[in-house]
Structures are given as structure tokens and as C-alpha cells.
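J.:
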Amino acid sequence: MIIGITHFLIISAALFCIGLYGILIKRNLFSILMCIELMLNAVNINLAAFNYFLPMPDLSGQVMILFSVAVAAAEVAVGLALIFRVYRDFRTVNIDKLNSMKG
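Numbering (full-length UniProt numbering), first residue to last: 1 to 103.
1) Could you name the residues that DSSP lists as bridge partners for N94?
2) Using the rule of at least 16 other Cβ atoms within 10 Å of the residue's Cβ for burial, across every protein chain shown, is A77 buried or exposed?
3) From L82 to I2, what distance separates their C-alpha atoms?
4) Within the chosen definition, does the segment 33 to 48 reach the segment 58 to 70 through at least 3 CB pairs nearer than 8 Å?
5) Note down the Cα distance separating R27 from G19, rounded to an integer number of angstroms.
6) Look at the alpha carbon of S60 and the alpha carbon of F53, and state the distance between them as a whole number of angstroms.
7) Do L38 and L15 have their C-beta atoms closer together than 7 Å?
8) Check whether the Cβ atoms of I32 and I23 lie closer than 7 Å to each other.
9) What is the rounded straight-line gap between the Cα of S12 and the Cα of A74?
10) Taking a contact to mean a Cβ-Cβ separation below 7 Å, would you say V93 touches L29 in this structure?
Structure representation (C-alpha cells):
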């Protein structure tokens, strides 16, 4: 059995859907942050698969993966800082309890 681009796209789509489902269903800020990371990893799998299977001599897919990993690292740093600040102010990370900005 030969593994083709379809297999990678199916796995990537499944990971992206799991991450999207987690964002829509979860109520914990840490869980939502992890689901966003899962979605970014699904995008990285797509970039790597297209870079490997498309007949192009350049490494544009791998360069895009490096930028995506850098963005993901920055997103985690800022997200964790925001979560720690929210916990410090409200003593909870449940998004249902965070309603102080409602007007």
C-alpha cells in the first residue's frame, strides 16, 4: 500500500475538525488553547504534504511550516500570559464565568 497525499489530507482534516469541535464545545481556556494548537498542526501537515507531493524544486512548504511554528510559539506565549492574568483577576479559567466585560 502506497501512502499518498490523500491520506495526509484526511488526517489533517480530521485533526482540524477535532480542534474546531474542541473550540466550540470546551469551556476551559487551556483546552481551547490546545485545540487551537491542534488546528495549527493540521495546517502544518497540509503544508508538508503539498511540499512533498507537488513537483516543485523549492522548499516553500517547509519555509511556511517554520513561519507557522513561530506564530504558534508566539500564540502560546501570549495565550498563556492572558490566561494567567485572567486567572489572577477572576480566579477561574472557565469562559462561562468571564462576563465582566458585558455592557
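Yeah, the Cβ is synthetic: ideal placement off N, Cα and C, and Gly gets one too. Bear in mind that the values here come from a model prediction, so they are computed numbers and not experimental data.
T.: According to the structure data:
1) The residue given as residue 94 occupies position 94 in the sequence shown. Its beta-bridge partners are N28.
2) Working through the sequence shown from its first residue, we reach residue 77 at position 77. Flag for A77 reads exposed.
3) On the sequence shown, position 82 is the one that residue 82 refers to. On the sequence shown, position 2 is the one that residue 2 refers to. Approximately 45 Å between the Cα atoms of the pair.
4) Yes, they touch.
5) In the sequence shown, counting from the first residue as 1, residue 27 sits at position 27. In the sequence shown, counting from the first residue as 1, residue 19 sits at position 19. For the pair R27 and G19, the Cα-to-Cα distance works out to about 13 Å.
6) As a working mapping, residue 60 is identified with position 60 in the sequence shown. As a working mapping, residue 53 is identified with position 53 in the sequence shown. Going from the Cα of S60 to the Cα of F53 covers about 13 Å.
7) Counting from 1 along the sequence shown, the entry for residue 38 is found at position 38. Counting from 1 along the sequence shown, the entry for residue 15 is found at position 15. With a cutoff of 7 Å on beta-carbon distance, L38 and L15 are scored as near each other.
8) On the sequence shown, residue 32 is found 32 positions in, with the first residue counted as 1. On the sequence shown, residue 23 is found 23 positions in, with the first residue counted as 1. Contact flag set, yes.
9) Counting from one through the sequence shown, the residue named residue 12 turns up at place 12. Counting from one through the sequence shown, the residue named residue 74 turns up at place 74. If you take the alpha carbons of S12 and A74, they lie about 22 Å apart.
10) Position 93 of the sequence shown, counted from the first residue, corresponds to residue 93. Position 29 of the sequence shown, counted from the first residue, corresponds to residue 29. In contact: V93 and L29 (Cβ atoms closer than 7 Å).
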